[in-house]
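> At position 68 of the sequence shown the residue is numbered 68 (UniProt numbering), and the sequence of numbers has no breaks.
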Amino acid sequence: MKCIAGLLRPTGGDILIAGNPRGSRKARQITAYVPEAPQLYNMLTVWEHLRFITDAYEIERWEEKAEQLLRLFEIWEQRDEFTNH
1 MKCIAGLLRP
11 TGGDILIAGN
21 PRGSRKARQI
31 TAYVPEAPQL
41 YNMLTVWEHL
51 RFITDAYEIE
61 RWEEKAEQLL
71 RLFEIWEQRD
81 EFTNH
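#1: Using 8 Å as the threshold, is the C-beta distance between Pro-35 and Ala-27 below it?
#2: Mind pulling the alpha helix (DSSP H) runs of 4 or more residues that sit fully within the UniProt domain "ABC transporter" (1–81)?
#3: At the level of alpha carbons, what is the spacing between Leu-44 and Leu-50?
#4: Give the C-beta separation of Glu-77 and Val-46 to the nearest angstrom, bearing in mind that I take them to be a contact with Cβ-Cβ under 8 Å.
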């Protein structure tokens, strides 16, 4: 899974995601990797963390969906709190 997500280099062969090379912009935009123990950046708020990740994956127009999910999980009010709480 880490090779598919682009976190580790494969030792041989090619990995394509919907015909796109792993690690390419298109492949990153259509896949997601959730680690067993997610790393949150303690110096970022919840909302800043989401912005950081969506910027890294070049995801546009993410704010509305993020708000929906934060409301669904009842953490919308904590969006401006640091993630180390």
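C-beta: ideal position from N, C-alpha, C; glycine also.
Looking at the atomic coordinates:
#1: no
#2: 2–5, 25–30, 46–56 and 63–72
#3: 9 Å
#4: Between Val-46 and Glu-77 the Cβ distance is about 10 Å, and since that is not below 8 Å, they are no contact.
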